[in-house]
Amino acid sequence: MVRRCIFLLMCCLAIPTINFAQEKAQAYSGALIYTIAGAPIENGTLVVQNGKIIDVGATDQVSVPADAVRHDVNGKVLMPGLVDTHSHIGQGSGGDASASLHPDVRILDAINVRDKRFHKARAGGITTVNIMPGSGYLMSGQTVYLKLREGSTIEELLYCDDPQNGVCGGLKMANGTNSLRKKPPFSGTRAKSAAMVRELYIKAQAYREKVKKANGDPEKMPERDLGMETLLQVLDGKRIVHHHTHRSDDILTVLRLKKEFGFRVVLHHVSEGWMVADEIAAAKAPCSVIAIDSPGGKLEAIHLDNKTGGVLAAAGADVAYHTDDGITDSRLFFRSAAFGVKHGLSREKALESLTLAGARMMDLQDRIGSLETGKDADFIVLSGDPLSVYTQIEQTWVEGQLLFDRANPEHSKYATGGYDVFENAEHHDSCLEEFGTH
Numbered sequence: 203m204v205r206r207c208i209f210l211l212m213c214c215l216a217i218p219t220i221n222f223a224q225e226k227a228q229a230y231s232g233a234l235i236y237t238i239a240g241a242p243i244e245n246g247t248l249v250v251q252n253g254k255i256i257d258v259g260a261t262d263q264v265s266v267p268a269d270a271v272r273h274d275v276n277g278k279v280l281m282p283g284l285v286d287t288h289s290h291i292g293q294g295s296g297g298d299a300s301a302s303l304h305p306d307v308r309i310l311d312a313i314n315v316r317d318k319r320f321h322k323a324r325a326g327g328i329t330t331v332n333i334m335p336g337s338g339y340l341m342s343g344q345t346v347y348l349k350l351r352e353g354s355t356i357e358e359l360l361y362c363d364d365p366q367n368g369v370c371g372g373l374k375m376a377n378g379t380n381s382l383r384k385k386p387p388f389s390g391t392r393a394k395s396a397a398m399v400r401e402l403y404i405k406a407q408a409y410r411e412k413v414k415k416a417n418g419d420p421e422k423m424p425e426r427d428l429g430m431e432t433l434l435q436v437l438d439g440k441r442i443v444h445h446h447t448h449r450s451d452d453i454l455t456v457l458r459l460k461k462e463f464g465f466r467v468v469l470h471h472v473s474e475g476w477m478v479a480d481e482i483a484a485a486k487a488p489c490s491v492i493a494i495d496s497p498g499g500k501l502e503a504i505h506l507d508n509k510t511g512g513v514l515a516a517a518g519a520d521v522a523y524h525t526d527d528g529i530t531d532s533r534l535f536f537r538s539a540a541f542g543v544k545h546g547l548s549r550e551k552a553l554e555s556l557t558l559a560g561a562r563m564m565d566l567q568d569r570i571g572s573l574e575t576g577k578d579a580d581f582i583v584l585s586g587d588p589l590s591v592y593t594q595i596e597q598t599w600v601e602g603q604l605l606f607d608r609a610n611p612e613h614s615k616y617a618t619g620g621y622d623v624f625e626n627a628e629h630h631d632s633c634l635e636e637f638g639t640h
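Residue 203 is where the sequence shown starts when you use my numbering, and the numbers rise one by one after that.
Following this line, the structure appears as structure tokens:
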């Protein structure tokens with residue numbers, strides 16, 4: 203017992219030693235490196251410093267600073283930290299029954315960064331998440347893009363600098379059965395749902411004209427409206443719409459709205475995306491796909507098929523996967539891409555779908571998603587082939603800091619434990635049931 207306590211103490215003490223040695227370069231040598239930006243590198247070396255990648259390449263071609271701390275990762279696999287384009291960790295819900303459209307709601311105001319599911323996501327190799335409000339409303343509110351750093355406040359995890367005035371994420375919208383309710387203020391039908399969304403965007407266009415006419419004169423500016431301000435960001439292309447949609451007819455409705463109002467959109471779930479792949483590709487609408495092995499429980503997902511990723515990619519659409527955690531587990535994120543490969547997606551596209559493709563869908567491709575000089579030092583160390591069921595995620599590094607180490611018992615429990623490891627599991631599951639996700 204004493205020996206185990208000493209070991210745990212050593213593990214806890216060792217990690218900060220690595221984390222705070224950022225002034226010295228860190229070199230990881232000997233691994234097979236998937237940069238995602240190019241061909242895999244056999245016997246590669248990754249060099250990071252001050253949270254950034256300063257070099258990556260074949261070991262005999264990379265210049266490692268003389269005072270660098272060296273890490274032997276011979277026989278391992280290195281690749282970028284995974285990007286989850288659709289998650290619900292750390293939060294309850296967005297929106298409420300007062301309305302069907304809530305563009306003013308910010309999910310960042312409902313996230314508990316101390317939720318232990320953040321540890322679970324890191325154990326799954328995830329370093330960036332797009333946390334969504336639920337899909338029980340036509341417009342559930344603003345999503346938030348988070349870097350899974352250590353932090354006790356959400357401000358420490360945000361990608362944006364100014365949460366009061368900046369764009370810190372996208373806008374969650376939904377159609378199909380989740381957002382249908384029979385009583386006002388809800389729509390009751392698919393046709394009315396689309397009409398309500400169109401009406402709100404038309405109001406936003408009118409609001410924008412008033413702002414333009416004011417030309418900066420505070421006396422002429424319209425009364426401040428948080429919902430309208432959000433929709434102006436959408437109409438101006440600064441905020442991406444992340445749209446829950448399953449059936450092929452619902453997908454085409456979203457594409458019509460995109461064409462009418464000119465907003466940028468990422469289609470999420472797309473259970474029947476394989477039926478309208480050419481239309482999706484022609485609209486240049488990226489798709490964040492869900493892959494599950496038992497699609498029961500929702501009639502509109504009855505035609506979900508794991509060939510969707512391959513069919514969409516073949517048509518020319520940008521494809522990523524997501525967990526929708528807790529619909530699928532953050533720790534099993536690699537499995538989604540593996541399902542895609544099994545059903546026709548190329549191996550190259552599969553690895554991109556978990557990394558760089560997701561980064562593009564959040565406008566973060568200049569910082570994350572691939573191992574390239576100048577990008578954030580977000581990477582994972584694997585025991586073997588990323589798409590093998592036998593492979594384990596051994597370490598997850600965020601901006602050069604080791605935040606998950608399977609060798610540390612306090613960390614490994616989040617990779618192997620059940621729901622009893624996590625806080626508020628009962629509350630979390632009840633929220634998913636009430637507000638809907640997948």
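No residue lacks a Cβ here, since even glycine has one placed at the ideal position from N, Cα and C. Being a predicted model, the structure only gives us computed values, none of them experimental.
* In chain order, what residues of the same chain lie with their CB nearer than 8 angstroms to the CB of V623, ignoring the 5 residues before and after it? -> On the sequence shown, position 421 is the one that residue 623 refers to. Closer than 8 angstroms at Cβ, skipping near neighbours: K318, K322, K615, Y616.
* Which stretch, first to last residue, makes up the beta strand (DSSP E) that contains H613? -> Residue 613 sits at position 411 when you count from the first residue of the sequence shown. Here H613 belongs to no beta strand (DSSP E); instead the alpha helix (DSSP H) covers 611-618.
* Asked: Does the Cβ-Cβ distance between K349 and V600 come in under 8 angstroms?
  -> Position 147 of the sequence shown, counting from 1, holds the residue named residue 349. Position 398 of the sequence shown, counting from 1, holds the residue named residue 600. Against a cut-off of 8 angstroms, the Cβ pair of V600 and K349 comes out as a contact.
* With a cut-off of 8 angstroms on the beta carbons, I'd call A270 and Q228 a contact; round off their distance for me. => In the sequence shown, the residue the question calls residue 270 occupies position 68. In the sequence shown, the residue the question calls residue 228 occupies position 26. The Cβ separation is near 6 angstroms, so the contact holds.
* Around the C-beta of S473, are 16 or more other C-beta atoms found within 10 angstroms, so that it is buried, or is it exposed? -> For this step, residue 473 is matched to residue 271 along the sequence shown. By the neighbour-count rule (16 or more Cβ atoms within 10 Å), S473 is buried.
* Could you tell me whether the stretch 245-259 touches the stretch 298-314, using the rule of 3 or more Cβ pairs below 8 angstroms? => no
* To do: Could you check what DSSP says for Q366 in three-state terms: helix, strand or coil?
  => What you label residue 366 is simply residue 164 of the sequence shown in a count that begins at 1. It is coil, neither helix nor strand.
* To do: Report yes if the C-beta distance between Y259 and N245 is below 8 angstroms; otherwise report no.
  => Here the question's residue 259 lines up with position 57 in the sequence shown. Here the question's residue 245 lines up with position 43 in the sequence shown. Tyr is not the amino acid found at residue 259; the sequence shown has Gly there. Their beta carbons are not under 8 angstroms apart, which means G259 does not touch N245 by this criterion.
* To do: Could you pull the start and end residues of the beta strand (DSSP E) that E244 belongs to?
  => Taking the first residue of the sequence shown as 1, we reach residue 244 at position 42. Counting along the chain, the beta strand (DSSP E) containing E244 begins and ends at 243-251.
* What runs of the alpha helix (DSSP H), each 4 residues or longer, lie entirely inside the stretch 515-578? -> 535-544, 549-555, 558-562
* Asked: Just how far apart, CA to CA, sit E425 and G327?
  -> On the sequence shown, residue 425 is found 223 positions in, with the first residue counted as 1. On the sequence shown, residue 327 is found 125 positions in, with the first residue counted as 1. Their Cα atoms are separated by approximately 45 angstroms.
* Asked: Can you name the start and end residues of the alpha helix (DSSP H) that L167 belongs to?
  -> It is not possible to answer for residue 167, since the shown part of the chain is limited to 203 through 640.
* Excluding the five sequence neighbours on either side, which residues of its own chain have a C-beta within less than 7 angstroms of the C-beta of H545, listed in chain order? -> For the purposes of this step, residue 545 is identified with residue 343 of the sequence shown, where counting begins at 1. Contacts found: N508, K509, G512.
* What first and last residue would you give for the beta strand (DSSP E) that runs through D607? -> Stepping through the sequence shown from its first residue, residue 607 is reached at position 405. Looking at the DSSP string, the run of the beta strand (DSSP E) that includes D607 is 603-607.
* In chain order, what residues of the same chain have a beta carbon less than 7 angstroms from the beta carbon of V521, not counting five sequence neighbours either side? -> By 1-based counting over the sequence shown, the position of residue 521 is 319. Contacts found: C489, V491, G511, L514, A515, K551, S555, A559.
* Asked: With 16 other CB atoms within 10 Å as the buried threshold, where does Q407 fall?
  -> Start at 1 with the first residue of the sequence shown, and residue 407 comes out as number 205. Q407 comes out exposed.
* Return helix, strand or coil for A483, following the three-state DSSP convention. => Numbered from its first residue, the sequence shown carries residue 483 at position 281. Three-state result, A483: helix.
* For Y347, which of helix, strand or coil comes out of DSSP? -> Here residue 347 corresponds to residue number 145 of the sequence shown, with the count starting at 1. Three-state DSSP puts Y347 in a strand.
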